[in-house]
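What follows is a short report on a single structure.
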Amino acid sequence: MKKRLRIKAFLALFLIFQLSLSALPSGSAAQTAPAVEAKPRTLDELNERITGLLDAPQFRSARWGVHLVTDDGRTLFSRDAEKSFIPASNMKLYTSAAALDAFGPDFRVETTVYASHPVTRAGLLSGNLILYGRGDPNLSARFAANGDISDYKAADAIPAIESLADQIAARGVKRIAGDIIGDDSYFAGDLLGPGWEWDDAQFYYGAEISALTVNDNVVTFTVKPALSAGQPPIIEVQPRTSYVTIVNHAVTVARGPARIGVHRDLNSNTVEFFGRIARSTEKFEVNIAVHDPARFAAHLLREALARRGIRVTGRTRRLDSVARIKSPFAPERMTRLAAIASQPLSEMLKVVNKPSQNLHTELLLLQLGALRGAGPALDDYGRPASTLVRGNEVRKQFLERAGAEVQGLNLRDGSGLARQDLVTPQATTALLRHMLVHPHFNAFYESLPVAGMDGTLKRRMTGAAAAGNVRAKTGSLSNVSALSGYLTTKRGDRIIFSLIGNNHTGPGREVTAVFDQICLLLCEFEGSLEEENREER
708 MKKRLRIKAF LALFLIFQLS LSALPSGSAA QTAPAVEAKP RTLDELNERI
758 TGLLDAPQFR SARWGVHLVT DDGRTLFSRD AEKSFIPASN MKLYTSAAAL
808 DAFGPDFRVE TTVYASHPVT RAGLLSGNLI LYGRGDPNLS ARFAANGDIS
858 DYKAADAIPA IESLADQIAA RGVKRIAGDI IGDDSYFAGD LLGPGWEWDD
908 AQFYYGAEIS ALTVNDNVVT FTVKPALSAG QPPIIEVQPR TSYVTIVNHA
958 VTVARGPARI GVHRDLNSNT VEFFGRIARS TEKFEVNIAV HDPARFAAHL
1008 LREALARRGI RVTGRTRRLD SVARIKSPFA PERMTRLAAI ASQPLSEMLK
1058 VVNKPSQNLH TELLLLQLGA LRGAGPALDD YGRPASTLVR GNEVRKQFLE
1108 RAGAEVQGLN LRDGSGLARQ DLVTPQATTA LLRHMLVHPH FNAFYESLPV
1158 AGMDGTLKRR MTGAAAAGNV RAKTGSLSNV SALSGYLTTK RGDRIIFSLI
1208 GNNHTGPGRE VTAVFDQICL LLCEFEGSLE EENREER
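Heads up: the sequence shown begins at 708 in our numbering, then just goes up one per residue.
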């Protein structure tokens, strides 16, 4: 993956903005399940109805993986449940459950600032200032204001960075003669997830992975037209920082639709804008991932220190796990100046699962490798052993204990962005059943999107029996849709389900509509689940 980062790759992200459209996350478009005709009265009728939805002519080329079970493990419906499918973000169920099992809901992560030398009475630090990250995913404005904590919030300044700068100033630091170092050596590995497609790396959902992560490793550009045609639009960035360079080739025109293109090379933080925007167009936002997140964090801290009158004469740089081979991290020989603790894991999981946050999930998988992984410290080439490989092994061992058949699984990343990920619906329902009796089930359950209410299900299954009832993790890639979780029938029986659709080349909403109808059928089902199971379909 590092080779990919060296390649000068040009990506044009053509973003068409119209006043009548709102930018919505994939899979979150408003979808109210169509009204179901006569309600099925028996399991046979329920199975026939579900079979009819799956066998509709438009899905001839699609593959369906479906598994519906009761909370005591009885199968109600199965379609290729033991076969492997690309899960998209259903992979987050596997990662978040394993992290909750390993660490518990109260687990927190600390980010610390160290001085390589003592600070003199005059306020001089003659050495380096090290910002050391341990994988806190929420050094952002997300928890600093009221509202939905699962939503990303753009801000001029990052509260966590401001807090660290305040603590450093309170320790009497007035001048730093050394460097500001962003240290992300806590995790060893590449900046991008395994199997991730290079063109995802420019977007917020493909942001680089680092033990020192700030603001989801993205910046937000606000674009608004100039007052006069022929002038470049006004482009501002949040947080306010010089870390990114804006090259503005775009122009304001008298009228017409806005057509703004954006690109950033993979190994650069220069962001170019081009195209046109009409004077009447409302301002809009674009979230672009930054390159080298640890150095980004160190740069933000340096700017925060400058606002407090603290002068830094050295460079801003990064230390990773490879650099730390020759210079091991030794906090016992440093002066601790500042620290900030993360939200508890129970809150982190709400950010992971409700909006389906990829970067945060990858950081949880790496926490498994860093804190629970085993094996040699160095690989066969003398490099630090991959934290990801260790984390994947810990996750696999958890799934085996949970009773999931791991033979059909291919666990590549933590979030499901990799198309090499493979799971089975049967393994997914086994995991969900295991979590029902897990001591931390409530934290797991509360992290899942609620139909018609929040997260990626906020605009789906509204105004129906499924709203407020279905709690499930969505998944969406091109030609891939998934939905797995829990619901309760009209009689009060709990059903665990995993629905995965692969290879449908039509609109994704056709697949999600089938999933929503299946959930509605189940939520409205008033029949008994005690009937003898029929032959699997």
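We put the CB at the ideal spot given by N, CA and C, even for glycine.
Legend entry - Check whether Gly896 and Ser1063 have beta carbons under 8 Å apart: No, these two residues do not count as a Cβ contact at 8 Å.
Legend entry - Ala1077 and Phe894 closer than 8 Å at C-beta: Closer than 8 Å, so yes.
Inset, instruction - Go through its chain and collect everything with a Cβ distance to Gln738's Cβ below 7 Å, but skip five positions before and after it. - result: In this prediction, Gln738 has a pLDDT of 49, which is less than 50 and means its spatial position is unreliable; what the coordinates show is noted afterwards. Arg1166, Arg1167, Arg1216, Thr1219, Ala1220, Asp1223, listed in sequence order.
Inset, instruction - Leaving out five residues on either side along the sequence, give the residues of the same chain with a beta carbon under 6 Å from the beta carbon of Val1187. - result: Here the set comprises Ile793, Ala795, Asn1209.
Legend entry - Best match in Arg983, Gln909, Pro1132, Leu1206 for proximity to Ala961 [C-alpha to C-alpha]: Nearest option by C-alpha distance: Arg983.
Legend entry - DSSP state of Arg947 mapped onto helix, strand, coil: Residue state, collapsed to three classes: coil.
Legend entry - Burial state of Ser660 (16 or more Cβ within 10 Å): Since the first residue of the chain shown is 708 and the last is 1244, residue 660 is not available in this structure.
Legend entry - N-terminal and C-terminal residue of the beta strand (DSSP E) that Leu1085 is part of: Bounds of any beta strand (DSSP E) do not take in Leu1085, whose DSSP letter is neither H nor E.
Legend entry - Cβ neighbour criterion (16 or more within 10 Å) applied to His1211: Note on His1211: 16 or more other CB atoms within 10 angstroms of its CB, so buried under the neighbour-count rule.
Inset, instruction - Report the option in Asp1200, Thr1068, Leu1124 whose CA atom is closest to the CA atom of Leu807. - result: Among Asp1200, Thr1068, Leu1124, the Cα nearest to that of Leu807 is on Thr1068.
Legend entry - Secondary structure of Leu728, DSSP reduced to three states: Here the model assigns Leu728 a pLDDT of 28, short of 50, so the residue's position is not dependable, and the following value carries that caveat. Coil, per DSSP.
Inset, instruction - Take Leu704 as the anchor and find which of Val826, Asn797, Ser949 has the nearest alpha-carbon. - result: Residue 704 is absent from the model: the chain starts at 708 and stops at 1244.
Inset, instruction - Quick one: residues in its chain with C-beta nearer than 8 Å to the C-beta of Thr1195, no 5 flanking neighbours on either side, listed in chain order? - result: So the list reads Asn1176, Arg1201, Ile1202, Cys1230, once near-sequence residues are dropped.
Legend entry - Inter-stretch contact at 8 Å, needing at least 3 Cβ pairs: the region 1089–1106 / the region 864–882: Counting Cβ pairs under 8 Å, fewer than three are found: no touch.
Legend entry - Thr977 beta carbon less than 8 Å from that of Val997: No; because the gap between Cβ atoms is not below 8 Å, this pair is not in contact.
Legend entry - Cut-off 6 Å between Cβ atoms - residues of its own chain near Thr927, not counting five sequence neighbours on either side: If we look at Thr927 and ignore the five residues flanking it on each side, its Cβ neighbours are Ala861, Gln945, Glu992, Asn994.
Legend entry - Residue range of the unbroken alpha helix (DSSP H) whose run includes Ile1202: No alpha helix (DSSP H) holds Ile1202; the beta strand (DSSP E) holding it covers 1201–1209.
Legend entry - Ala1150 and Ala1134 closer than 8 Å at C-beta: With respect to the 8 Å criterion, Ala1150 and Ala1134 are not classified as neighbours on the basis of their beta carbons.
Inset, instruction - Go ahead and label Leu783 buried or exposed: buried means 16 or more other beta carbons lie within 10 angstroms of its beta carbon, across all protein chains shown. - result: With a threshold of 16 other beta carbon atoms within 10 Å, Leu783 meets it and is buried.
Legend entry - First through last residue of the alpha helix (DSSP H) which encompasses Phe799: Residue identity differs from the one stated: residue 799 is Lys in this sequence, not Phe. Run containing Lys799: 798–810, per the alpha helix (DSSP H) assignment.
Inset, instruction - Throw me the rounded Cβ distance for the Thr1163 and Gly772 pair, which I believe falls under 8 Å. - result: Contact doesn't hold; Cβ gap of about 19 Å is too wide.
Legend entry - Validate contact between the region 840–852 and the region 912–921 using beta carbons, cut 8 Å, 3 pairs: Verdict: yes, contact present.
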